[in-house]
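Q: Next up is a structure, given as C-alpha cells.
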Amino acid sequence: MLIAIDKYGSITLPVSLRKELRLDQESYLEVSVEDGKFIVLEPVAVQRNIRLNNKGLAKLEEARKSGTEELPEWLIRDMRDAETDTEQ
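Below, the structure is given as C-alpha cells:
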C-alpha cells in the first residue's frame, strides 16, 4: 500500500486500513522506528484525566442535571465517572 507525505509532513491512512484496525478520528497511534528504517504505528488507548476539587465536582453535578446533549462523548463518559481528587 503506497501513501504519500503531504507538504505539512502528514500522512493519511486509507479507509480500508482504518476500518481493519478499527481506528476513527479520536484514535491515537504510538510511533516508533525499528532498525533505523521501519516506521511502526501502534494503536493505543488514551485516558483523559479531569481533576476537580469539591467546588468543581459540585459544578459538574449541576451540569449533569442540566443535560449533556451538546457535549463531546469523551466528556460525557468522564462526567459519569468523575470523583473528587483527594490528592493535593
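All residue numbers for the sequence shown refer to the numbering used here, where the first residue is -18 and numbers rise by one. The C-beta atom is built at its ideal place from N, Cα and C for all residues, glycine as well. Nothing here was measured: the structure is a model prediction, and the numbers come from that model.
1. Which of the three DSSP states is assigned to residue -16 in this structure?
2. Is DSSP giving residue 31 helix, strand or coil here?
3. Check whether the Cβ atoms of residue -2 and residue 10 lie closer than 8 Å to each other.
4. Given this structure, state the Cα-to-Cα distance separating residue 1 from residue 54, to the nearest angstrom.
5. With H, G and I counted as helix, E and B as strand and the rest as coil, what does DSSP make of residue 7?
6. Using C-beta distances below 6 Å, list every residue in its chain close to residue 13, excluding the 5 sequence neighbours before and after it, in chain order.
7. If I follow the unbroken alpha helix (DSSP H) through residue 22, where does it start and stop?
A: So, from the data block:
1. Mapped onto the sequence shown, residue -16 falls at position 3. Three-state DSSP puts residue -16 in coil, outside helix and strand.
2. Within the sequence shown, numbered from 1, the residue matching residue 31 stands at position 50. Note: residue 31 maps to coil in three-state DSSP.
3. Translated into positions along the sequence shown, residue -2 becomes position 17. Translated into positions along the sequence shown, residue 10 becomes position 29. Going by C-beta atoms, residue -2 is not nearer than 8 Å to residue 10.
4. To locate residue 1, count along the sequence shown from 1; it is residue 20. To locate residue 54, count along the sequence shown from 1; it is residue 73. Looking at the two C-alpha atoms, the distance is approximately 23 Å.
5. Residue mapping note: residue 7 aligns to position 26 of the sequence shown, counting from 1. Coil.
6. Stepping through the sequence shown from its first residue, residue 13 is reached at position 32. Closer than 6 Å at the Cβ level, and outside the excluded window around residue 13, lie 21.
7. For the purposes of this step, residue 22 is identified with residue 41 of the sequence shown, where counting begins at 1. Residue 22 -> not in any alpha helix (DSSP H); beta strand (DSSP E) instead, spanning 19 to 25.
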